[in-house]
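Quick note, the sequences are listed as chains A and V, same order. When you line the first sequence up against our numbering, it's residues 1 to 226, in that order. When you line the second sequence up against our numbering, it's residues 227 to 452, in that order. The beta carbon of each residue, even a glycine, is placed where N, CA and C say it ideally should be. Since the structure comes first, as structure tokens, the remarks are kept for the end.
Number of protein chains: 2
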Amino acid sequence: MPEPCIIAVAITGSLPRKEDNPAVPISVAEQIESSQEAFEAGASLVHIHVRNDDQSSSSEPTRFAAVQAGVRRHCPGMIVQFSTGGRGRDPAARSSALYLKPDMASLSTGSVNFPSIVYENHPALIGDLATAMKANGVLPEIEIFDLSHPHTARRLADGALIGERPHIQFVMGVQNALPAQERLLDVLLGEAKLLFPQSTWTAAGIGRKQTIVMQWALARGADAVR
Amino acid sequence: MPEPCIIAVAITGSLPRKEDNPAVPISVAEQIESSQEAFEAGASLVHIHVRNDDQSSSSEPTRFAAVQAGVRRHCPGMIVQFSTGGRGRDPAARSSALYLKPDMASLSTGSVNFPSIVYENHPALIGDLATAMKANGVLPEIEIFDLSHPHTARRLADGALIGERPHIQFVMGVQNALPAQERLLDVLLGEAKLLFPQSTWTAAGIGRKQTIVMQWALARGADAVR
Ligand SMILES: [Zn+2]
Ligand SMILES: [Zn+2]
Ligand SMILES: [Zn+2]
Ligand SMILES: [Zn+2]
Numbered sequence: 001m002p003e004p005c006i007i008a009v010a011i012t013g014s015l016p017r018k019e020d021n022p023a024v025p026i027s028v029a030e031q032i033e034s035s036q037e038a039f040e041a042g043a044s045l046v047h048i049h050v051r052n053d054d055q056s057s058s059s060e061p062t063r064f065a066a067v068q069a070g071v072r073r074h075c076p077g078m079i080v081q082f083s084t085g086g087r088g089r090d091p092a093a094r095s096s097a098l099y100l101k102p103d104m105a106s107l108s109t110g111s112v113n114f115p116s117i118v119y120e121n122h123p124a125l126i127g128d129l130a131t132a133m134k135a136n137g138v139l140p141e142i143e144i145f146d147l148s149h150p151h152t153a154r155r156l157a158d159g160a161l162i163g164e165r166p167h168i169q170f171v172m173g174v175q176n177a178l179p180a181q182e183r184l185l186d187v188l189l190g191e192a193k194l195l196f197p198q199s200t201w202t203a204a205g206i207g208r209k210q211t212i213v214m215q216w217a218l219a220r221g222a223d224a225v226r
Numbered sequence: 227m228p229e230p231c232i233i234a235v236a237i238t239g240s241l242p243r244k245e246d247n248p249a250v251p252i253s254v255a256e257q258i259e260s261s262q263e264a265f266e267a268g269a270s271l272v273h274i275h276v277r278n279d280d281q282s283s284s285s286e287p288t289r290f291a292a293v294q295a296g297v298r299r300h301c302p303g304m305i306v307q308f309s310t311g312g313r314g315r316d317p318a319a320r321s322s323a324l325y326l327k328p329d330m331a332s333l334s335t336g337s338v339n340f341p342s343i344v345y346e347n348h349p350a351l352i353g354d355l356a357t358a359m360k361a362n363g364v365l366p367e368i369e370i371f372d373l374s375h376p377h378t379a380r381r382l383a384d385g386a387l388i389g390e391r392p393h394i395q396f397v398m399g400v401q402n403a404l405p406a407q408e409r410l411l412d413v414l415l416g417e418a419k420l421l422f423p424q425s426t427w428t429a430a431g432i433g434r435k436q437t438i439v440m441q442w443a444l445a446r447g448a449d450a451v452r
């Protein structure tokens with residue numbers, strides 16, 4: 001019998017705007033509506049980035065609260081995951097919505113180059129985010145952009161800041177980080193399972209790599225796809 | 227018959243001071259003297275960081291020029307490699323000594339976390355450094371702190387900014403970057419050789435990991451040790 005697999009949906013992300021794709025849900029109402037459509041189509045986890053009125057990335061807790069409330073009302077049982085990702089956000093505000101106790105939140109455990117920026121996740125910030133998640137009972141989804149990142153996650157676990165069963169996402173295909181290559185997924189997955197034998201995992205390919213990375217993940221028994 | 231192996235010496239580095247170890251060569255005269263001692267003991271490559279009078283990291287071309295001139299005078303044939311590494315240096319000045327045409331210069335091809343900082347190598351800076359090395363006929367030593375870094379080096383080669391025979395150094399044991407583990411060296415080496423079959427390579431363990439990483443490198447036929 002095939003194993004069940006969680007379908008996760010990242011409705012908005014941190015970058016795309018209406019100019020790029022008119023279907024990107026920006027307002028709170030659009031984000032709730034989009035989550036519900038995905039829920040009704042079979043998704044059971046929603047990864048949320050909120051936006052300011054000018055479409056830029058936001059850390060505003062009231063926006064996270066409103067989207068979470070809408071999802072909980074319209075999508076019973078759907079797992080709510082807040083992004084704590086950094087693009088376009090003040091580092092100090094990245095943990096500011098965790099007091100709302102979403103089920104999960106993303107946690108990047110290292111720094112890496114992106115196409116035109118350094119995606120900075122300062123060691124102290126990583127510790128602060130993990131601490132805030134622990135204090136609020138939020139399960140981290142560890143975002144792995146490079147091979148050192150699961151090792152930093154392991155140190156967080158050794159310091160009891162995260163548990164032995166984090167959910168782990170391998171992100172591939174961001175230019176200047178790791179390319180989307182099947183061999184590299186095996187390297188990352190092998191390392192993560194060595195360090196966290198009880199973890200669950202998924203993999204995400206960026207842009208046109210989304211489908212192929214999902215296929216590689218399914219072929220390896222991933223617990224979720226996105 | 228055993229293969230010959232280049233012994234490289236990093237006489238100063240970017241961080242340690244006289245207070246940490248009185249033997250660290252800081253002044254130009256001390257750096258020349260230290261290089262010569264290593265040369266006479268069998269080293270044939272010297273990796274140079276210059277320092278300001280207050281011992282902080284310097285990018286001052288006159289200091290690089292003076293150390294290079296002294297090494298060339300006292301250590302005939304010794305390969306001179308300038309650091310373009312970032313700790314404590316203004317990014318814009320990291321290429322400023324390359325016009326002196328050292329034989330080699332270090333080139334970090336990605337960003338990664340260090341113990342308490344993000345070691346930032348902005349994508350644009352990496353391109354600028356590679357361009358300056360090419361313009362001055364300087365062979366890069368690619369500094370690999372994580373798995374994405376050889377892939378960025380590959381893109382530089384695809385853009386003809388570096389050649390097909392870079393020298394590659396794997397750096398292990400920096401906290402928050404990759405730990406010094408034999409399995410990880412195999413992963414990095416396999417990836418680098420896949421991307422650059424003609425490259426030469428070495429590996430460096432930080433601090434007390436120096437000896438063991440050197441042993442792993444020698445067991446794998448490294449072209450150099452440091
Ligand atoms: Zn996200
Ligand atoms: Zn509804
Ligand atoms: Zn150095
Ligand atoms: Zn002399």
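Per DSSP, cross-strand counterpart(s) of TYR345(V): In the DSSP output, where bridge partners are listed per residue, TYR345(V) has VAL338(V).
Can you check which of these residues, ALA318(V), ASN402(V), GLY268(V), is closest to SER284(V) by C-alpha distance? Nearest C-alpha to SER284(V) among ALA318(V), ASN402(V), GLY268(V): ALA318(V).
Please check if any C-beta of chain A sits within less than 8 angstroms of the C-beta of GLU263(V). So no, GLU263(V) is outside the interface.
Within 8 angstroms, strictly: CB atoms of ALA180(A) and LYS209(A): Their beta carbons are under 8 angstroms apart, which means ALA180(A) touches LYS209(A) by this criterion.
If the criterion is Cβ atoms closer than 8 angstroms, does the pair ARG165(A) and THR202(A) meet it? For ARG165(A) and THR202(A), no; Cβs fall outside 8 angstroms.
HIS300(V): beta carbon under 7 angstroms from a heavy atom of ligand 3? The answer is no for HIS300(V).
If the cut-off is 9 angstroms on Cβ atoms, which residues from the region 89–110 of chain A count as contacting chain V, listed in chain order? Among the residues of the region 89–110 of chain A, those with a Cβ less than 9 angstroms away from any Cβ of chain V are THR109, GLY110, in the order of the chain.
Which residue comes first and which comes last in the beta strand (DSSP E) that contains PHE82(A)? PHE82(A) -> beta strand (DSSP E) spans 79–82.
Ligand 1 heavy atom lying under 7 angstroms from the CB of GLY137(A): No, Cβ of GLY137(A) sits at least 7 angstroms from all heavy atoms of ligand 1.
Pairwise C-alpha distance: PRO423(V) and GLU286(V): Across the structure, GLU286(V) and PRO423(V) are spaced so that their CA atoms are roughly 35 angstroms apart.
ASP146(A), buried or exposed, once every other Cβ within 10 Å from all chains shown has been counted against 16: Buried, by the Cβ-count rule.
Nearest-angstrom Cα distance between ALA249(V) and ALA8(A)? If you draw a straight line from the Cα of ALA249(V) to the Cα of ALA8(A), it comes to about 57 angstroms.
Would you say PHE290(V) and VAL276(V) are within 8 angstroms of each other, going by their C-beta atoms? Yes.
Beta-carbon separation of GLY163(A) and ILE206(A) under 8 angstroms? Going by C-beta atoms, GLY163(A) is not nearer than 8 angstroms to ILE206(A).
Write down the C-beta distance between LEU107(A) and THR131(A) rounded to the nearest angstrom, noting that I regard them as a contact closer than 8 angstroms. In fact, because the Cβ distance is near 11 angstroms, the residues do not count as touching under 8 angstroms.
In DSSP terms, what GLN395(V) is bridged to: Beta-bridge pairing links GLN395(V) to GLU369(V), THR428(V).
Using CA atoms only, rank isn't needed, just tell me which of LEU194(A), ILE11(A), GLN68(A), ASP158(A) is closest to GLY127(A). It is ASP158(A) whose Cα lies nearest to the Cα of GLY127(A).
Do ALA331(V) and ligand 3 come close, with the Cβ less than 7 angstroms from some heavy atom? No; taking the cut-off as 7 angstroms, the Cβ of ALA331(V) has no heavy atom of ligand 3 nearer than that.
According to DSSP, simplified to helix, strand and coil, what is VAL276(V)? Strand, per DSSP.
Quickly, what does DSSP pair MET330(V) with across the bridge? List them, please. Answer by DSSP bridge pairing, in chain order: GLN307(V), LEU365(V).
Sequence-distant residues of the same chain with beta carbon closer than 6 angstroms to HIS167(A), five excluded per side: GLU141, THR200.
Taking 6 angstroms as the limit between beta carbons, can you name the residues of its chain near ALA153(A), skipping five residues before and five after? Result list for ALA153(A): THR109, ILE142, in chain order.
Indicate the three-state DSSP secondary structure (helix, strand or coil) for LEU387(V) in the structure shown. In the structure shown, LEU387(V) sits in coil (DSSP, three-state: anything other than H, G, I, E or B).
Kindly identify the DSSP beta-bridge partner or partners of VAL225(A). In the DSSP output, where bridge partners are listed per residue, VAL225(A) has ILE7(A).
What are the start and end residues of the alpha helix (DSSP H) that includes THR238(V)? Taken as a continuous stretch (DSSP letters only), THR238(V) belongs to no alpha helix (DSSP H), as it is neither H nor E.
If you drop the 5 nearest sequence neighbours on each side, which residues of the same chain put their C-beta closer than 6 angstroms to that of GLN530(V)? Residue coverage of chain V in this structure runs from 227 to 452, which leaves residue 530(V) outside it and unanswerable.
State yes or no: is the C-beta of GLN31(A) within less than 8 angstroms of the C-beta of ILE11(A)? Contact: yes.
Taking 7 angstroms as the cut-off, does the CB of HIS47(A) come closer than this to any heavy atom belonging to ligand 1? Yes - ligand 1 has a heavy atom lying nearer than 7 angstroms to the Cβ of HIS47(A).
Heavy atom of ligand 1 less than 7 angstroms from the Cβ of LEU10(A), yes or no? In the sequence under discussion, the amino acid at residue 10(A) is Ala, which differs from the Leu named in the question. Yes, Cβ of ALA10(A) sits closer than 7 angstroms to a heavy atom of ligand 1.
Are VAL67(A) and SER337(V) touching if we call contact CB-CB under 8 angstroms? Taking a C-beta distance under 8 angstroms as the contact criterion, VAL67(A) and SER337(V) do not qualify as a contact pair.
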